[in-house]
Amino acid sequence: MGPGMTFSEPETLDEVCSLLSKDPEARCLAGGASLVAMMNAGLLAPTQLISLRKIPDLGAITSMPDGSVKIGAMARHNDVAAFSGFLGAQRIISAAACRIGHPAIRNMGTIGGSICHADPSADYPTAITAADAVVSILGSEGARQVAARDFFVDWLETTLEQGEIAVSVTIPPDPSNASVHYEKFTRADGDFATVSVAACLGMSDGVVQTFRVVVGGVAEKPVRSPEDEAVFIGRPLKDSDIVEFSAALEALCNPIDDMRGSADYRLKLMPRLISRALKRAQADQLVSDSGETA
Amino acid sequence: MTESNDIPIRLTLNKSLKSVFCKPTETLLSLLRDGFGLTGSKRGCNQGLCGACTVLIDGKPMRSCLTIAATCNGRDVVTVEGLLENGKLSTMQQALVDSGGVQCGFCTPGVAIALTSLLREDPKPDRTKIREALSGHLCRCSGYIKIVDAAEAAAEKAGS
Ligand SMILES: Cc1cc2nc3c(=O)[nH]c(=O)nc-3n(C[C@H](O)[C@H](O)[C@H](O)COP(=O)(O)OP(=O)(O)OC[C@H]3O[C@@H](n4cnc5c(N)ncnc54)[C@H](O)[C@@H]3O)c2cc1C
Ligand code: FES
Ligand code: FES
Chain A
102 MGPGMTFSEP ETLDEVCSLL SKDPEARCLA GGASLVAMMN AGLLAPTQLI SLRKIPDLGA
162 ITSMPDGSVK IGAMARHNDV AAFSGFLGAQ RIISAAACRI GHPAIRNMGT IGGSICHADP
222 SADYPTAITA ADAVVSILGS EGARQVAARD FFVDWLETTL EQGEIAVSVT IPPDPSNASV
282 HYEKFTRADG DFATVSVAAC LGMSDGVVQT FRVVVGGVAE KPVRSPEDEA VFIGRPLKDS
342 DIVEFSAALE ALCNPIDDMR GSADYRLKLM PRLISRALKR AQADQLVSDS GETA
Chain B
2 MTESNDIPIR LTLNKSLKSV FCKPTETLLS LLRDGFGLTG SKRGCNQGLC GACTVLIDGK
62 PMRSCLTIAA TCNGRDVVTV EGLLENGKLS TMQQALVDSG GVQCGFCTPG VAIALTSLLR
122 EDPKPDRTKI REALSGHLCR CSGYIKIVDA AEAAAEKAGS
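Chains as they are written, first to last, in our numbering: chain A, 102 to 395; chain B, 2 to 161.
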């Protein structure tokens, strides 16, 4: 710890941004589950810790009049997992949140911390990309909104500039009432994913209305291809299309070898997990189509 | 020795109100062990992985090794020492002893905290629920079965 190191708990977002903009080595502190772990490992020694704990309502989860759900940056994983206001494709968010780490980690970690940490094997980056979410950002220069797909830039890197923080994540409504499935493959329960797949599938009269499939753990950021997704719309869901889709996504992957699996292994897992996620989501759609409750 | 950037905090620790100064980056685990001499909570990994440092903060299990102590200002912290009831082991703690759920004991403080929290939320958990609550608590003596038995026994005892 450096001698000049300080800790503060501002009560306004403006104050946080102003402190961050003046000091490139300052870090805001959310749940601490990634930041403090990195400090303990000697990988990071911030000059300032700026806790977001005292900012009013930053952890709120709110259903908006237009059907979207606004999740405050400080919302804990467990609160998001338990939120019952998600509908249709929005449910991919809670499906992913309940798979993050262990109970104690879900009591601590926040959605803002997870997406700003931007680990490509983490669960939220993949899920919010599949949900077509929008991240609201505030900086000393003003506010801006960025689509989840453009928020993640590289390994542990986001579009956030110095002095900017993520304030909330807005999950748009899904009129198609899609089914979701979050397929996470791990070597041990509660670990980060080797590969994960977030799938949202809406069908009506036997044809696909909504199709979004995003893969985590296979590149520097979540992998998604709207052009290849568009092929499915208005047609029945066919195995041969899924195989082609997986092959097309593979061209966008850039996996690494690490303790969770080799690059090759990840690429072998991916098509299997995509197909499994879509089959499970489709089974749910059939149940809701026939009027039964899942 | 306090320095100028030390932070004064007040917290409820095992039911008693404490005032203390902490360093800006000091973790709650360090404060508990080195500041208060409460060495029940263990430093297994200091990375959030092993669960041996788990304490209750405002009633919920959290990792003290990943909690900056200064963020505990105004909060309620309970360690394994604080689980004692009238100076005696709580039902959950006694069940861990009676069922053989304690071997070397290193994981036990975190396990006792996690299971105490589980039984408060769900007084009759099944074995799957118990195992879910134990996820993130590594027992290197690998006595998990006895630990699950202990949780079941404690639930039964509390319910009778
Ligand atoms: C044992 C263990 C297992 C885990 N398993 C998983 C898992 O399976 N899946 C998974 O996805 N994650 C997992 N995690 C990570 C966990 O989800 C973290 O909670 C999360 O990555 C970081 O959230 P946090 O709130 O703790 O952020 P912090 O650790 O406080 O902050 C992380 C980073 O984000 C910055 N930051 C925080 N909030 C904001 C904000 N609002 N705006 C701008 N920057 C911000 C901080 O400055 C810091 O750089 C695990 C962690 C541990 C310790
Ligand atoms: S010491 Fe905190 S989880 Fe291992
Ligand atoms: S009893 Fe030895 S680690 Fe669990």
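Glycine included, C-beta positions come from ideal geometry on N, C-alpha and C.
Within-8 Å CB hit, residue i to chain A
{"i": "Pro25 of chain B", "result": "yes"}
{"i": "Met63 of chain B", "result": "yes"}
{"i": "Leu84 of chain B", "result": "no"}
{"i": "Cys51 of chain B", "result": "no"}
{"i": "Gln48 of chain B", "result": "yes"}
{"i": "Thr55 of chain B", "result": "yes"}
CB contact flag (residue i, residue j, <8 Å)
{"i": "Ala115 of chain B", "j": "Leu135 of chain B", "result": "yes"}
{"i": "Leu145 of chain A", "j": "Cys217 of chain A", "result": "no"}
{"i": "Cys23 of chain B", "j": "Ala70 of chain B", "result": "yes"}
{"i": "Met93 of chain B", "j": "Asn208 of chain A", "result": "no"}
{"i": "Ala183 of chain A", "j": "Thr211 of chain A", "result": "no"}
{"i": "Pro226 of chain A", "j": "Trp256 of chain A", "result": "no"}
{"i": "Gly41 of chain B", "j": "Thr80 of chain B", "result": "yes"}
CB contact check: residue i to chain B, cutoff 8 Å
{"i": "Leu130 of chain A", "result": "yes"}
{"i": "Ala138 of chain A", "result": "yes"}
{"i": "Asn355 of chain A", "result": "no"}
{"i": "Gly213 of chain A", "result": "no"}
{"i": "Leu150 of chain A", "result": "yes"}
{"i": "Asp124 of chain A", "result": "no"}
{"i": "Val388 of chain A", "result": "no"}
{"i": "Asn160 of chain A", "result": "Just to set this straight, residue 160 of chain A is Gly in the shown sequence, not Asn. Gly160 of chain A does not count as touching chain B."}
{"i": "Asp397 of chain A", "result": "Missing from the structure shown is residue 397 of chain A; chain A here goes from 102 to 395 and no further."}
{"i": "Thr107 of chain A", "result": "yes"}
{"i": "Ile206 of chain A", "result": "yes"}
{"i": "Ala142 of chain A", "result": "yes"}
{"i": "Gly173 of chain A", "result": "no"}
{"i": "Ala223 of chain A", "result": "no"}
{"i": "Ala134 of chain A", "result": "yes"}
{"i": "Arg154 of chain A", "result": "yes"}
With 16 other Cβ atoms within 10 Å as the buried cut-off, status of residue i
{"i": "Thr113 of chain A", "result": "exposed"}
{"i": "Met102 of chain A", "result": "Bear in mind that the predicted position of Met102 of chain A carries a pLDDT of just 47, short of 50, making it unreliable; the figure below should be weighed with that in mind. Exposed, by the Cβ-count rule."}
{"i": "Ser341 of chain A", "result": "exposed"}
{"i": "Ile146 of chain B", "result": "exposed"}
{"i": "Met371 of chain A", "result": "buried"}
{"i": "Asp233 of chain A", "result": "buried"}
{"i": "Glu4 of chain B", "result": "exposed"}
{"i": "Ile229 of chain A", "result": "buried"}
{"i": "Met304 of chain A", "result": "buried"}
> According to a CB-to-CB cut-off of less than 9 Å, which residues of the region 186 to 204 of chain A neighbour chain B?
Replying inline: Gly202, His203, Pro204
> At a Cβ cut of 7 Å, what residues of the region 6 to 39 of chain B count as close to chain A, listed as they run along the chain?
Replying inline: The region 6 to 39 of chain B vs chain A, Cβ under 7 Å: Asn6, Ile8, Lys24, Pro25, Thr26, Thr28.
> Got a sec: which bits of the region 135 to 154 of chain B sit with their beta carbon under 7 Å from any beta carbon on chain A, in order along the chain?
Replying inline: Ser136, Gly137
> Quick one: complete alpha helix (DSSP H) runs, 4+ long, within the region 231 to 258 of chain A?
Replying inline: 249 to 252
> Curious, which full-length alpha helix (DSSP H) runs of at least 4 residues does the region 131 to 165 of chain A contain?
Replying inline: Segments of the alpha helix (DSSP H) lying fully in the region 131 to 165 of chain A: 136 to 141.
> Going along the chain, which unbroken runs of the alpha helix (DSSP H) with 4 or more residues stay wholly within the region 23 to 109 of chain B?
Replying inline: For the region 23 to 109 of chain B, whole alpha helix (DSSP H) runs of length 4 or above, ordered along the chain, are 92 to 99.
> What are the complete alpha helix (DSSP H) segments, minimum 4 residues, inside the region 300 to 341 of chain A?
Replying inline: 327 to 331
>> At 4 residues or longer, what runs of the alpha helix (DSSP H) sit wholly inside the region 171 to 241 of chain A?
In response: 178 to 183, 193 to 198, 204 to 209, 212 to 218, 224 to 231
> If you scan the region 116 to 146 of chain B from start to end, which runs of the alpha helix (DSSP H) of 4 or more residues do you find wholly inside it?
Replying inline: As far as the region 116 to 146 of chain B is concerned, its whole alpha helix (DSSP H) runs of at least 4 residues are 128 to 135.
> Listed from N- to C-terminal order along the chain, which residues in the region 260 to 292 of chain A have their beta-carbon within a distance smaller than 7 Å of any beta-carbon of chain B?
Replying inline: Asp290, Gly291
> What residues from the region 62 to 81 of chain B come within 7 Å of chain A, judged by C-beta to C-beta, listed N to C?
Replying inline: Answer set for the region 62 to 81 of chain B: Pro62, Met63, Arg64, Cys66, Leu67, Thr68, Ile69, Ala71, Thr72.
> With distances taken from each beta carbon to the nearest heavy atom of ligand 5, which residues come in below 5 Å, in chain order?
Replying inline: By its list of ligands, the structure shown excludes ligand 5, since it contains just ligand 1, ligand 2 and ligand 3.
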